[in-house]
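Trainee:
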Amino acid sequence: MRINSGIIFFIMLLVVFPGICAAASVPPPGALTIPVADADGSYIIKWTSSPRAGSKYILEEATNPTFSANKRIIYSGTALRKKITGNKKNRTYYYRVRAAKSGFTPSRWVTGNYGCAVPGSAKAAAPGNVTIPATDADGTYYVKWVPSRTARVTYILEEATNNKFTNATIVYSGTARQKKITNRQKDTTYYYRLRAVKAGLKDSTWRKGKNGCLIKEPFIYRLPDSGQKKSYSSKFGDDGSYSINPLSYTDNSDGTVTDNNTGLMWQQNDDDALHNWYEAAGVLDENHNPDLSGVCKELATGGYTDWRLPTRKELISIIDYGRQAPAIDSTTFPGTKPSNYWTSSSNAENPDSAMSVYFGNGYIYNNLKSNSYYVRCVRDDL
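Residue numbers for the sequence shown follow our numbering, beginning at 16 and rising by one.
1) So, at 8 Å on beta carbons, what are the nonlocal neighbours of Thr155 in its own chain, with the 5 sequence-adjacent residues on each side left out?
2) What is the DSSP secondary structure of Gly92, counted as helix, strand or coil?
3) Within 10 angstroms of its Cβ, does Asn291 collect 16 or more other Cβ (buried), or is it exposed?
4) Can you find the residues in the same chain that come closer than 6 Å, C-beta to C-beta, to Gln282, ignoring five residues on each side of it along the sequence?
5) Following the continuous alpha helix (DSSP H) through Trp221, name the residue where it begins and the one where it ends.
6) Using the C-alpha atoms, what's the distance from Pro42 back to Phe32?
7) Would you call Ser241 buried or exposed, if buried means 16 or more other Cβ atoms sit within 10 Å of its Cβ?
8) Using the rule of at least 16 other Cβ atoms within 10 Å of the residue's Cβ for burial, across every protein chain shown, is Tyr205 buried or exposed?
9) Among residues of its own chain, excluding the 5 on either side of Asp321, which ones have a beta-carbon nearer than 7 Å to its beta-carbon?
10) Does the segment 111–120 come within contact of the segment 128–143, defined as at least 3 CB pairs closer than 8 Å?
11) List, from N- to C-terminal side, the beta strand (DSSP E) runs of 3 residues or more that fit wholly inside the segment 132–202.
12) Please give the ranges of any beta strand (DSSP E) in the segment 52–138, keeping only runs that are unbroken, at least 3 residues long and fully inside the region.
13) Please specify which runs of the alpha helix (DSSP H), each continuous and at least 4 residues long, are wholly inside the segment 304–387, giving them in chain order.
14) Any heavy atom of the ligand GTP closer than 7 Å to the CB of Tyr157?
15) Between the alpha carbons of Pro50 and Lys384, how many angstroms are there, rounded?
16) Should Ala296 be labelled buried (16 or more other beta-carbon atoms within 10 Å of its own) or exposed?
17) What did DSSP end up calling Ala295 once you bin it into helix, strand or coil?
18) Within 10 angstroms of the Cβ of Ala54, are there 16 or more other Cβ atoms? Answer buried if so, exposed if not.
19) If you drop the 5 nearest sequence neighbours on each side, which residues of the same chain put their C-beta closer than 7 Å to that of Val298?
20) For Gly377, is the classification buried or exposed, using 16 other Cβ atoms within 10 angstroms of its Cβ as the cut-off for buried?
21) How many Å lie between Asp367 and Arg323 at the Cα?
22) Out of curiosity, what's the CA-to-CA distance linking Asp266 and Gly127?
23) What residue from Trp357, Asn178, Thr181 and Ile230 has the CA that sits closest to Thr203's CA?
24) Among Phe348, Lys213 and Ser122, which residue has its Cα nearest to the Cα of Gly270?
25) When you compare each of Leu216, Val161 and Gly350 to Asp208 by their alpha carbons, which one comes out closest?
Next up, the structure:
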């Protein structure tokens, strides 16, 4: 305060102390993973860590998405998951998580995109696709399936000789994901359906195979000519010395071609995409084909649904060794790349490898099944 000529002046001084500010916030955790539904009220909530080392996590549960009903803290600690048990049926439970650390402001809440429904009269989830070979020569084959989303179920597999299952019999009951079938009669088609059962839950709906398995003698076909006309030896006896069963095809004008020598029907144009062997063959693999997709099994060209990956011998039967890059009749099979095409033939000495045919020159190679190559599908046109 200062007095000058009867006037009083007030002076206010603002003092700023450097280094003093509000506490920083903890970065939030990553995505919160919640099951869409659970049958018995016991499930696991997961989240990814906050970038701030040493953080602990607070997990809240509520019965509405605004967290205004029955909200409670169900976990506080450093783990990245919480097992939920005993939740009541006929409710949906919502979750959110945030990170906290001493000396820092807690992070914002990370909320799940949906709640977990715990139904009252739950039904076991149906198994996934049931895979059945379209044909088999000796009556011994495997029926395979994608597991149910309901944990710890038992699978009931039924077999019938008609697709209405009027004469169905149970051929398997257990927890495995496949069943070996043996001693089936020739000239008979067998159909399969599967369901999941679990104590305390209603049985799942039946999951039918897309096709039956016809037991029949293997087709013996004529060996096609290699297409090689020039002889590379001074002695008689190489491919150029012989001409048998010239390469001959019928264009069916529906995206398919029939080999007049072998009787096999071929996909005329490949899908112009690269696939690993597991996808090409329709074989389950946790790393390379977890959804059990199958390039040939999902093909419906020409209205047929029994396409498959060709064997090594089948695929080289359409090689024309009189041509190169590509080594095939490109009029009959347009768009064929001078590249590797997968076969169903695995390497007997290395189960992680399979054989491919290189359509640049017709050579056969062993390659890792994780590699990506082209696929041309085939079916038995009998």
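For each residue, glycine too, the CB sits at the ideal point set by N, CA and C.
Mentor: A quick look at the data gives this:
1) In the sequence shown, residue 155 corresponds to position 140, counting from 1. These residues qualify, in order along the chain: Lys195, Ile196, Thr197, Asn198 and Arg199.
2) Position 77 of the sequence shown, counted from the first residue, corresponds to residue 92. Gly92: strand per DSSP, three-state reduction.
3) Here residue 291 corresponds to residue number 276 of the sequence shown, with the count starting at 1. With a 10 Å radius around the Cβ and a threshold of 16 neighbouring Cβ atoms, Asn291 comes out buried.
4) Start at 1 with the first residue of the sequence shown, and residue 282 comes out as number 267. Cβ within range, chain order: Thr316, Arg391 and Cys392.
5) By one-based count along the sequence shown, residue 221 stands at place 206. Premise fails: Trp221 is in no alpha helix (DSSP H) and is neither H nor E.
6) Working through the sequence shown from its first residue, we reach residue 32 at position 17. Working through the sequence shown from its first residue, we reach residue 42 at position 27. Its pLDDT being 47, under 50, Phe32 is placed unreliably in this model, and the value from its coordinates should be taken loosely. Rounded to the nearest angstrom, the two C-alpha atoms are 27 Å apart.
7) What you label residue 241 is simply residue 226 of the sequence shown in a count that begins at 1. With a pLDDT of only 48 at Ser241, under the threshold of 50, the placement of this residue in the model should not be trusted, and no figure is reported.
8) As a working mapping, residue 205 is identified with position 190 in the sequence shown. With 16 or more Cβ atoms within 10 Å of its Cβ, Tyr205 is classed as buried.
9) For the purposes of this step, residue 321 is taken as the residue at position 306 of the sequence shown. Correct list, in chain order: Ala149, Asn226 and Arg394.
10) The segment 111–120 makes no contact with the segment 128–143, as fewer than three CB pairs between them are under 8 Å.
11) 156–160, 169–175, 184–189 and 193–196
12) 58–62, 71–77, 87–92, 96–99, 106–115 and 131–133
13) 327–331
14) The model depicted lacks the ligand GTP and carries no ligand whatsoever.
15) Within the sequence shown, residue 50 is the residue found at index 35, counting from 1. Within the sequence shown, residue 384 is the residue found at index 369, counting from 1. Answer to the nearest angstrom: the Cα atoms are 32 Å apart.
16) Position 281 of the sequence shown, counted from the start, is the residue given in the question as residue 296. So Ala296 ends up on the buried side.
17) What you label residue 295 is simply residue 280 of the sequence shown in a count that begins at 1. The answer is helix: DSSP assigns Ala295 an H, G or I state.
18) Along the sequence shown, one-based indexing puts residue 54 at 39. Around the Cβ of Ala54, a 10 Å sphere holds 16 or more other Cβ atoms; the residue is buried.
19) By one-based count along the sequence shown, residue 298 stands at place 283. Excluding sequence neighbours, Val298 sits near Asn304.
20) Counting from 1 along the sequence shown, the entry for residue 377 is found at position 362. When all chains shown are included, Gly377 counts as buried.
21) Walking along the sequence shown from the start, residue 367 turns up at place 352. Walking along the sequence shown from the start, residue 323 turns up at place 308. In a straight line, the C-alpha of Asp367 is about 20 Å away from that of Arg323.
22) For the purposes of this step, residue 266 is identified with residue 251 of the sequence shown, where counting begins at 1. For the purposes of this step, residue 127 is identified with residue 112 of the sequence shown, where counting begins at 1. Near 54 Å, if we compare the C-alpha coordinates of Gly127 and Asp266.
23) Start at 1 with the first residue of the sequence shown, and residue 203 comes out as number 188. Ranking Trp357, Asn178, Thr181 and Ile230 by Cα distance to Thr203 puts Ile230 first.
24) Here residue 270 refers to the residue found at position 255 of the sequence shown. Residue Phe348 is the option with its Cα nearest to Gly270.
25) Position 193 of the sequence shown holds residue 208. Note on residue identity: the sequence assigns Arg, not Asp, to residue 208. Comparing Cα-Cα distances from Arg208 to each of Leu216, Val161 and Gly350, the minimum goes to Val161.
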